[in-house]
Ligand code: FAD
Ligand code: NAP
């Protein structure tokens, strides 16, 4: 275990913000993690678990201990005729797990292809895309409480999964580190392709049946086309969540903006694409200094060159003000701000 001091985090967050961690350590197994959490040396330090840094905005140096979670390993731990339980270390790159599943023809997470980050962070915001969410194939996870160093297992219900949310992003934020995740994936899977233009793209292939690999390749292609590559342009994906509003407000807005998109949620609210609201306020493609709004998807804020986190935060604030003034809807951040 090598504790590094005054470590630059520029390479460890996809916005590419150049802040420093007072202390930094990269860990590969649970035992080392427990040692660090129980060590007197770090008792009084605040602690931040870092995965791929793709859902984080750093606005200042981190005064405590940053723990980069790199616990490796993917394996099938149980299977029957219908499904398989796949266990992965929190430090595994999420997309590697998706590719593993596709290669074994285990279905359920193929629509979540090309999402950056680690397996350990996936339950934190219940990652979702193209009509799928992690919670739908989640079995359980293991982790450790910072305070006591004790292990705990969380089953699906206990995680309180919600739209881009979970107990780990709310009540247990900064108190618990996820070390392993177990998913229950489906044998003989049927791909889900009723979202957006996936079906149209598949139809061009003129096949009788589509595999999960076909669907994943279509989605990976759309994502590559539409989203900025963090290796080239700093970003953390969607900056805000899609707001869920009451039907009455939606109907009011519809009178003034007949083209406003809305999707009914299981709680009978209407989910409005935040990107549409932001675009309508004229922000798409706008740039203020070295911070900007992506020109293909207004929900993604981007950095150009050397930007600091406060520039992004100021831009986000301006956007929130104009959306509330125009539509009376308050946007909330999806990205974790430190
Ligand atoms: P980090 O950014 O390192 O951490 C995020 C939060 O989780 C932090 O608060 C951190 O402390 C905490 N955390 C990380 N690991 C652990 C752990 N092991 N235990 C406890 N807490 C932990 N998200 C989607 O949901 N759907 C998408 O389609 C999507 N597309 C994206 C596209 C792009 C181009 C980018 C840049 C991001 C996108 N995201 C998307 C957001 C992001 O990729 C996901 O939220 C991802 O799960 C973050 O993983 P990470 O390892 O980078 O987490
Ligand atoms: P899109 O297809 O342009 O659609 C815009 C928004 O409308 C999406 O955010 C989506 O909500 C919602 N939507 C569209 N069709 C829907 C349907 N049939 N049912 C319910 N909701 C629907 O979005 P996009 O920007 O290209 O992204 C495509 C997918 O990738 C989305 O699922 C999005 O969440 C995901 N994505 C997420 C991030 C992130 O950082 N979180 C970044 C990039 C892409 P949902 O977001 O609820 O699906």
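Residue numbers (the numbering used here): 374 to 711.
C-beta: ideal position from N, C-alpha, C; glycine also.
Handout entry: Local conformation of residue 493 per DSSP, three classes
Key = coil
Problem - Whole-angstrom distance between residue 452 and residue 605, CA atom to CA atom - result: 41 Å
Handout entry: Beta-carbon proximity list for residue 665, same chain, < 6 Å, skipping 5 on both sides
Key = 675
Practice task
Using three-state DSSP, classify residue 391 as helix, strand or coil.
Solution key: coil
Practice task
Output the boundary residues of the beta strand (DSSP E) element that contains residue 381.
Solution key: 377–381
Handout entry: Other residues of its chain near residue 593: CB distance less than 6 Å, five sequence neighbours each side excluded
Key = 486, 487
Problem - Simplified DSSP assignment, three categories, for residue 440 - result: strand
Practice task
May I ask whether a heavy atom of ligand 2 can be found less than 7 Å away from the beta carbon of residue 412?
Solution key: no
Problem - Same chain only: Cβ atoms within 7 Å of residue 524, ignoring 5 sequence neighbours per side - result: 515, 517
Handout entry: Separation of residue 613 from residue 391, as counted between CA atoms
Key = 22 Å
Practice task
Whole angstroms is fine: what's the gap from residue 584's alpha carbon to residue 395's?
Solution key: 48 Å
Problem - Environment of residue 491 [buried if 16+ CB atoms lie within 10 Å] - result: buried
Practice task
Closer than 6 Å by C-beta to residue 617: which residues in its own chain qualify, once you throw out the five before and the five after it? Chain order, please.
Solution key: 638, 642, 644
Exercise for the section: Please report the residue range of the beta strand (DSSP E) in which residue 524 lies. Expected result: 524–528
Problem - residue 617 Cβ short of 7 Å to ligand 2 heavy atom set - result: no
Problem - Test item: CB-CB of residue 559 and residue 481 under 8 Å - result: yes
Exercise for the section: Have a look at residue 521 and residue 667 and give me their C-alpha separation to the nearest angstrom. Expected result: 43 Å
Practice task
Compute every distance between the C-beta of residue 472 and the non-hydrogen atoms of ligand 1, then say whether any falls below 7 Å.
Solution key: no
Problem - N- and C-terminal bounds of the beta strand (DSSP E) containing residue 462 - result: 456–462
Practice task
Work out the CA separation of residue 425 and residue 635 for me, nearest whole Å.
Solution key: 32 Å
Problem - Start-to-end residues for the alpha helix (DSSP H) that takes in residue 473 - result: 467–476
Handout entry: Cβ-Cβ separation, residue 434 to residue 393 (assumed contact under 8 Å), whole Å
Key = 5 Å
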